[in-house]
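Residue numbers for the sequence shown follow the working numbering, beginning at 2 and rising by one.
Ideal Cβ placement from N, Cα and C applies to all residues, glycine included.
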Amino acid sequence: MRTCWLMTAILGLLVAAGGAHAQPKYPTKPIRLMVPFPPGGTPDIVARMLAQKLSETFMQPVVVDNRPGGGGAIGTEAAVRANPDGYTMILVSGSYAANAALYKLPYDPVNEVAPIALIGEAGFVVTLHPSLPVMTIKDLIAYDKANPGKLNYGSGGTGTAVHLATELFNQMAGTKMTHVPYKGTGPALNELLGGQIQLIIGTMPQMIPQVKSNRVRGIAVTTAKRSNAMPNIPTVAETVPGYEAVTWAAILGPQALPKDIVARWSREIDRILQLPDVKERMAGDGMEPAGGSPERLREVLKREVAKWQKVVKIANIKPGS
């Protein structure tokens with residue numbers, strides 16, 4: 002009986018060990034990469050580029066799932082509340098921090114998510130209608146102060162990254178340019194081209210072609226250092242010390258995501274961001290590859306949320322205003 006019991010115990014341990022050894026390795030099925038915006042925009046383009054590369058690495062399809070609405074908050078909530086098994090991730094942009102500054106969200110944007118990787122950062126371009134007698138940021142500040150109420154700037158809507166970047170400029174430069182919100186940056190750009198508004202601090206992917214074709218005048222970039230995409234254009238900070246406004250893309254997952262899955266994604270994204278074709282494609286959109294640890298991304302989230310909360314409070318910006 003004792004021998005029989007001992008053999009049964011040994012057999013049980015062997016089966017358990019064999020079962021653990023045979024446990025399937027992540028991932029074993031398609032992965033959903035959610036994008037809380039419509040197809041065609043910069044976040045969607047970045048997500049599809051990453052999805053292709055990750056599908057090759059994981060040997061499982063990484064499928065982009067567009068979930069627009071609520072300025073990105075609807076899709077983001079669905080992703081951060083998803084089963085934390087590694088099969089639902091989300092790519093967010095700078096509007097993620099702007100939403101946290103404007104709205105009372107049903108999730109904590111810093112502490113109730115699993116930061117995975119910062120994909121890249123891109124600045125904005127201060128762009129003017131060519132008829133405006135302004136060639137530099139110093140000229141812009143002087144013109145606004147000499148002509149109160151005459152400068153109108155456009156954005157894709159209240160609380161968007163473009164809106165907040167311009168309000169930050171107003172606060173730091175002492176200007177009082179008037180906000181004109183549109184339903185998207187496309188209509189705002191059309192109004193700038195037509196001369197109905199005088200200025201947009203627009204995203205690089207949208208504005209670089211317009212500047213190069215001389216349809217608008219680009220006078221400064223909003224990054225801390227000059228951009229590789231537009232090296233001859235100075236930064237706003239060269240005139241307004243400390244000014245910086247960037248949009249960014251990052252991958253997040255549900256809060257309870259296993260650490261080994263977080264580490265796997267972070268490692269793979271770091272590798273992908275070093276690929277020459279990825280670097281070239283991102284550079285074409287004025288985006289600098291980032292990468293780095295999940296902890297670095299969490300610090301970025303903290304910094305960006307706090308920064309835009311301060312801007313919103315000083316400017317007294319209300320949703321829908």
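With a cut-off of 8 Å, do at least 3 Cβ pairs link the stretch 69–81 to the stretch 291–304? As far as the Cβ criterion goes, the stretch 69–81 does not touch the stretch 291–304, which means the pair count is below three.
Does histidine 22 pass the burial test, meaning 16 or more other C-beta atoms within 10 Å, or should it be called exposed? If you number the sequence shown from 1, residue 22 lands on position 21. Note that histidine 22 has pLDDT 48, beneath the 50 cutoff, so the model's placement of it is unreliable and no number is given.
Taking the alpha-carbon of aspartate 109 as reference, which of Gly72, Pro31, Lys303, Gly175 has the nearest alpha-carbon? Counting from 1 along the sequence shown, the entry for residue 109 is found at position 108. Nearest option by C-alpha distance: Lys303.
Let me know the secondary structure DSSP gives aspartate 286 once reduced to three states. The count along the sequence shown starts at 1 and reaches residue 286 at position 285. In the three-state reduction of the DSSP assignment, aspartate 286 falls in the coil class, being assigned neither a helical nor a strand state.
Less than 8 Å between the C-beta atoms of glycine 187 and alanine 99, yes or no? Taking the sequence shown and counting its residues from 1, the one referred to as residue 187 is at position 186. Taking the sequence shown and counting its residues from 1, the one referred to as residue 99 is at position 98. No. Outside cutoff.
State the start and end residues of the unbroken beta strand (DSSP E) segment that holds asparagine 153. Taking the sequence shown and counting its residues from 1, the one referred to as residue 153 is at position 152. Where asparagine 153 is concerned, the enclosing beta strand (DSSP E) stretches over 153–156.
Looking only at C-alpha atoms, which of Met205, Gln211, Met136, Val47 sits nearest to leucine 193? Along the sequence shown, one-based indexing puts residue 193 at 192. Of the candidates Met205, Gln211, Met136, Val47, the one whose C-alpha sits nearest the C-alpha of leucine 193 is Gln211.
Residues in its own chain within less than 7 Å of methionine 283 by CB, not counting five upstream and five downstream? Translated into positions along the sequence shown, residue 283 becomes position 282. Exclusion of the five residues before and after methionine 283 leaves Gly121, Pro290 as the residues of its chain whose Cβ lies within less than 7 Å of its Cβ.
Separation of leucine 103 from valine 313, as counted between CA atoms: Here the question's residue 313 lines up with position 312 in the sequence shown. Here the question's residue 103 lines up with position 102 in the sequence shown. Taking the straight line joining both Cα atoms gives about 7 Å.
Within the same chain, show all residues whose beta-carbon is closer than 6 Å to that of glutamate 57, passing over the 5 residues directly before and after it, in chain order. Within the sequence shown, numbered from 1, the residue matching residue 57 stands at position 56. Excluding residues within five positions, none has a Cβ falling inside 6 Å.
Under 8 Å, with one C-beta from each stretch per pair, do the stretch 34–50 and the stretch 255–266 reach the 3-pair mark? No, they do not touch.
Would you list the residues sitting across from serine 132 in a DSSP beta bridge? For the purposes of this step, residue 132 is taken as the residue at position 131 of the sequence shown. In the DSSP output, where bridge partners are listed per residue, serine 132 has none listed.
At 4 residues or longer, and completely inside the stretch 174–224: list those alpha helix (DSSP H) runs for me, N to C. At a cut-off of 4 residues, the continuous stretches assigned as alpha helix (DSSP H) that sit fully inside the stretch 174–224 are 186–195, 205–213.
Given serine 132, which residues of its chain have a CB within under 7 Å of its CB, disregarding the five upstream and five downstream residues? Looking up residue 132 in the sequence shown gives position 131. The answer, listed in chain order, is Gly196.
Taking DSSP as the reference, what is the three-state secondary structure of arginine 299? Translated into the one-based positions of the sequence shown, residue 299 becomes position 298. In the three-state reduction of the DSSP assignment, arginine 299 falls in the helix class.
For phenylalanine 125, which beta-bridge partners are listed by DSSP? Position 124 of the sequence shown, counting from 1, holds the residue named residue 125. According to the DSSP secondary-structure assignment, phenylalanine 125 is paired through a beta bridge with Thr204.
Along the chain, where does the beta strand (DSSP E) containing serine 94 start, and where does it finish? Here residue 94 refers to the residue found at position 93 when the sequence shown is read from its first residue. In the DSSP assignment, serine 94 falls within the unbroken beta strand (DSSP E) covering 89–94.
Those runs of the beta strand (DSSP E) which lie wholly inside the stretch 223–256 and span at least 3 residues: Correct list: 247–255.
Within its chain, find whatever has a CB closer than 6 Å to the CB of alanine 174; leave out the 5 residues flanking it on each side and keep chain order. Translated into positions along the sequence shown, residue 174 becomes position 173. Cβ-Cβ distances below 6 Å link alanine 174 to Ile142, Val241 in the same chain, with the five nearest sequence neighbours on each side left out; the list follows chain order.
May I have the straight-line CA-CA distance separating proline 69 from tyrosine 183, to the nearest angstrom? As a position in the sequence shown, residue 69 is number 68, starting the count at 1. As a position in the sequence shown, residue 183 is number 182, starting the count at 1. Answer to the nearest angstrom: the Cα atoms are 17 Å apart.
Backbone secondary structure at histidine 22 - three-state DSSP: If you number the sequence shown from 1, residue 22 lands on position 21. Because the pLDDT at histidine 22 is just 48, under 50, the model does not fix this residue reliably, and the value given afterwards should be weighed accordingly. Helix.
Once you ignore the five residues that flank aspartate 145 on each side, which residues in its own chain have a CB closer than 7 Å to its CB? For the purposes of this step, residue 145 is identified with residue 144 of the sequence shown, where counting begins at 1. Counting only Cβ-Cβ distances below 7 Å, and skipping sequence neighbours, we find Leu152, Thr176, Lys177, Met178.
Name the residue from Pro40, Pro277, Leu200 whose alpha carbon lies nearest to the alpha carbon of valine 65. Looking up residue 65 in the sequence shown gives position 64. The residue from Pro40, Pro277, Leu200 with its alpha-carbon nearest to that of valine 65 is Pro40.
Verify whether the separation of the beta carbon atoms of leucine 129 and arginine 218 is less than 8 Å. As a working note, residue 129 is residue 128 in the sequence shown. As a working note, residue 218 is residue 217 in the sequence shown. Contact: yes.
Would you give the residue range spanned by the beta strand (DSSP E) that valine 47 belongs to? To locate residue 47, count along the sequence shown from 1; it is residue 46. Per DSSP, valine 47 belongs to no beta strand (DSSP E); it is in the alpha helix (DSSP H), 43–59.
What is the rounded straight-line gap between the Cα of glycine 155 and the Cα of aspartate 286? Here residue 155 refers to the residue found at position 154 of the sequence shown. Here residue 286 refers to the residue found at position 285 of the sequence shown. Distance between glycine 155 and aspartate 286, taken at the CA atoms: about 21 Å.
Alpha carbon of isoleucine 198 to alpha carbon of leucine 276, nearest angstrom: Residue numbering aside, residue 198 sits at position 197 when the sequence shown is read from its first letter. Residue numbering aside, residue 276 sits at position 275 when the sequence shown is read from its first letter. The C-alpha of leucine 276 is placed about 40 Å away from the C-alpha of isoleucine 198.
Just curious, the beta strand (DSSP E) that arginine 33 is in, first and last residue? As a position in the sequence shown, residue 33 is number 32, starting the count at 1. Membership of arginine 33 in the beta strand (DSSP E) is indicated by the continuous run 32–36.
Which listed residue (Phe38, Asp140, Lys54) has its alpha carbon closest to that of aspartate 278: Taking the sequence shown and counting its residues from 1, the one referred to as residue 278 is at position 277. With distances taken between CA atoms, aspartate 278 lies nearest to Lys54 out of Phe38, Asp140, Lys54.
Among the residues of its own chain, which have a CB less than 6 Å from the CB of leucine 274, if the five just before and after it don't count? Working through the sequence shown from its first residue, we reach residue 274 at position 273. Same-chain partners within the cutoff: Pro290, Gly292.
Following the continuous beta strand (DSSP E) through aspartate 66, name the residue where it begins and the one where it ends. In the sequence shown, counting from the first residue as 1, residue 66 sits at position 65. That run of the beta strand (DSSP E) goes 63–67.
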